[in-house]
Amino acid sequence: MRILLCNRDDRPVDAWLRDLHRLLPEAQVDVWRPGLPPEYDYALVWGPPQQLFDEQPQLKAAFNLGAGVDRLLALRLPPGLQVLRLEDAGMGVQMAEYVCHALIRFFREFDAYDRQQQASDWTLRPPRSRADCPVGIMGLGVLGTRVAQAVRQFEFPLLGWSRSRRDLPGMRCFAGDGELDDFLAAARVLVCLLPLTEATHGILNRARLARLRPGAYLINLARGALVVEDDLREQLDQGHLAGATLDVVRQEPLPPGHWLWAHPRVTLTPHISGMTVREDALRQVAQGVRALERGGDAPSGLVQRARGY
Ligand code: OXD
Numbered sequence: 048m049r050i051l052l053c054n055r056d057d058r059p060v061d062a063w064l065r066d067l068h069r070l071l072p073e074a075q076v077d078v079w080r081p082g083l084p085p086e087y088d089y090a091l092v093w094g095p096p097q098q099l100f101d102e103q104p105q106l107k108a109a110f111n112l113g114a115g116v117d118r119l120l121a122l123r124l125p126p127g128l129q130v131l132r133l134e135d136a137g138m139g140v141q142m143a144e145y146v147c148h149a150l151i152r153f154f155r156e157f158d159a160y161d162r163q164q165q166a167s168d169w170t171l172r173p174p175r176s177r178a179d180c181p182v183g184i185m186g187l188g189v190l191g192t193r194v195a196q197a198v199r200q201f202e203f204p205l206l207g208w209s210r211s212r213r214d215l216p217g218m219r220c221f222a223g224d225g226e227l228d229d230f231l232a233a234a235r236v237l238v239c240l241l242p243l244t245e246a247t248h249g250i251l252n253r254a255r256l257a258r259l260r261p262g263a264y265l266i267n268l269a270r271g272a273l274v275v276e277d278d279l280r281e282q283l284d285q286g287h288l289a290g291a292t293l294d295v296v297r298q299e300p301l302p303p304g305h306w307l308w309a310h311p312r313v314t315l316t317p318h319i320s321g322m323t324v325r326e327d328a329l330r331q332v333a334q335g336v337r338a339l340e341r342g343g344d345a346p347s348g349l350v351q352r353a354r355g356y
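In structure tokens, the structure reads:
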């Protein structure tokens with residue numbers, strides 16, 4: 048079995064190769080470079096160039112070394128290629144802690160207390176009502192479910208929205224376009240964990256952000272293009288949104304001088320909410336490769352290419 052590895056430049060290739068050899072000793076693994084003969088079975092990729100798939104049309108499957116497959120599916124892929132994504136692989140717990148941090152920072156007004164400390168101001172702010180702070184999670188896949196489980200510990204009313212109906216414990220679940228407005232109108236904190244597809248591109252536009260409860264807060268850790276950034280700015284400036292924590296933006300890295308860098312109600316992080324954990328990711332890849340080699344049931348993480356996730 049032959050495997051191609053085409054990973055991000057900042058991921059140390061020796062460590063990835065070492066762990067792959069350990070987990071899949073039967074595989075011959077090569078690091079991708081242009082011009083390799085078309086004789087590989089599987090590709091492990093993160094941000095691969097089109098050339099890889101043009102030169103390797105016989106590949107059986109591509110494993111995306113990250114959760115979101117939007118960039119991979121935007122390439123011209125061989126028609127029969129199976130695409131698999133990382134499902135949790137150590138990212139779920141990181142995203143859960145990221146969301147809880149942003150949520151509690153907003154709810155407990157830690158930014159205001161930071162400003163008070165700067166001003167040597169020992170003022171107690173009145174406690175806020177948890178009942179007035181329903182947390183709505185958009186996207187109830189593996190990661191959304193993990194985040195919901197963590198947020199539930201803090202006893203906020205919990206809402207969820209997904210394309211097809213889900214039923215999660217302790218959560219009021221909404222489904223499909225028909226229930227999106229009601230979901231938004233009920234949420235104060237909106238956590239976005241949706242995949243980026245044609246259907247979700249720009250889903251958080253002016254009209255939808257305006258549906259949220261006044262003083263709402265947005266936490267986006269999925270993809271920047273889900274949000275119309277000018278509409279977000281308008282809602283922040285008008286005060287309908289109290290603030291936003293964004294781990295993702297439309298253009299990454301965010302260009303110098305972009306308004307998001309300096310907006311007083313925006314907290315930014317450079318796409319770090321769920322970092323790929325090599326060991327966990329490769330364990331999932333190894334299981335997937337073995338499942339594909341065996342045939343039979345679809346391996347976990349198999350992407351429905353037509354659906355986009
Ligand atoms: C992603 C990831 O898909 O970091 O953004 O895994």
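In the working numbering, the protein residues as written are 48 to 356. Don't be surprised by glycine CBs; every beta carbon is placed ideally from N, CA and C.
Classify residue i: buried if its beta carbon has 16 or more other beta carbons within 10 angstroms, exposed otherwise.
{"i": "T170", "result": "exposed"}
{"i": "T247", "result": "buried"}
{"i": "A345", "result": "exposed"}
{"i": "A353", "result": "exposed"}
{"i": "D224", "result": "exposed"}
{"i": "I50", "result": "buried"}
{"i": "R69", "result": "exposed"}
{"i": "R325", "result": "buried"}
{"i": "R255", "result": "buried"}
{"i": "R193", "result": "buried"}
{"i": "W79", "result": "buried"}
{"i": "P95", "result": "buried"}
{"i": "Q282", "result": "buried"}
{"i": "S209", "result": "buried"}
{"i": "G290", "result": "buried"}
{"i": "Q103", "result": "buried"}
Could you pull the DSSP bridge partners for residue i from this structure?
{"i": "R132", "result": "N111"}
{"i": "S209", "result": "A222"}
{"i": "V274", "result": "L251"}
{"i": "V336", "result": "Paired residues: none, contrary to the question."}
{"i": "L51", "result": "D77 and A90"}
{"i": "L182", "result": "Looking at the sequence provided, one finds Val at residue 182 rather than Leu. Partner(s): L205 and V236."}
{"i": "Y264", "result": "V236 and G290"}
{"i": "T170", "result": "In the DSSP output, where bridge partners are listed per residue, T170 has none listed."}
{"i": "L315", "result": "L293"}
{"i": "L349", "result": "L131"}
Just to confirm, are residue i and residue j a CB contact at a threshold of 7 Å?
{"i": "G335", "j": "T244", "result": "no"}
{"i": "R253", "j": "D278", "result": "yes"}
{"i": "A234", "j": "L206", "result": "yes"}
{"i": "V236", "j": "L301", "result": "no"}
{"i": "D327", "j": "A136", "result": "yes"}
{"i": "T292", "j": "T323", "result": "no"}
{"i": "L231", "j": "R258", "result": "yes"}
{"i": "L288", "j": "A263", "result": "yes"}
{"i": "R155", "j": "W93", "result": "no"}
{"i": "L112", "j": "L91", "result": "yes"}
{"i": "F110", "j": "V332", "result": "yes"}
{"i": "L329", "j": "L67", "result": "yes"}
{"i": "S347", "j": "E134", "result": "yes"}
{"i": "C220", "j": "D229", "result": "no"}
To which residues of the same chain is residue i closer than 7 Å at the C-beta, ignoring the five residues directly before and after it?
{"i": "A349", "result": "Inspection of the sequence shows that residue 349 is occupied by Leu rather than by Ala. The residues are Q129 and L131."}
{"i": "K107", "result": "D88, Y89, Q129 and L339"}
{"i": "F203", "result": "R177, C180, P181 and V182"}
{"i": "M218", "result": "A195, L205, L206 and G207"}
{"i": "R199", "result": "L205 and G217"}
{"i": "P125", "result": "F100, P104 and L106"}
{"i": "P261", "result": "H287"}
What residues in its chain sit with their C-beta under 6 Å from that of residue i, if we drop five residues either side in the sequence?
{"i": "P249", "result": "According to the sequence displayed, residue 249 carries Gly and not Pro. Result list for G249: V275, in chain order."}
{"i": "A197", "result": "A143 and C147"}
{"i": "G321", "result": "M138, Q141 and M142"}
{"i": "P173", "result": "none"}
Give every residue of the same chain whose Cβ lies closer than 8 Å to the Cβ of residue i, excluding the five residues on either side of it in the sequence, and list them in chain order.
{"i": "G298", "result": "According to the sequence provided, residue 298 is Gln. The question's Gly does not apply to it. Same-chain partners within the cutoff: G271 and H305."}
{"i": "R123", "result": "Q97, F100 and D101"}
{"i": "V242", "result": "The sequence given here places Pro at residue 242; Val does not occur at that position. Result list for P242: G115, V116, D117, G186, G188, A269, R270, G355 and Y356, in chain order."}
{"i": "C239", "result": "M185, G186, L251, L265, I266, N267, L268, A269, L273 and V274"}
{"i": "H318", "result": "D294, V295 and E299"}
{"i": "E86", "result": "R49 and Q105"}
{"i": "V60", "result": "L52, N54 and V78"}
{"i": "P81", "result": "Q98 and E102"}
{"i": "A62", "result": "R325"}
{"i": "A222", "result": "W208, S209, R210, S211, R212 and R213"}
{"i": "L64", "result": "L52, V76 and V78"}
Within the 7 Å Cβ cut-off, does residue i reach chain C?
{"i": "W63", "result": "Among the protein chains of the structure shown there is no chain C, as only one such chain exists."}
Using only the heavy atoms of the ligand GDP, determine whether one of them is closer than 6 Å to the beta carbon of residue i.
{"i": "L205", "result": "Of the ligands this structure carries, namely the ligand OXD, none is the ligand GDP."}
Exercise. Could you name the residues whose beta carbon sits closer than 5 Å to any heavy atom belonging to the ligand OXD, keeping them in chain order?
Key: The filter returns G113, A114 and G115, in chain order.
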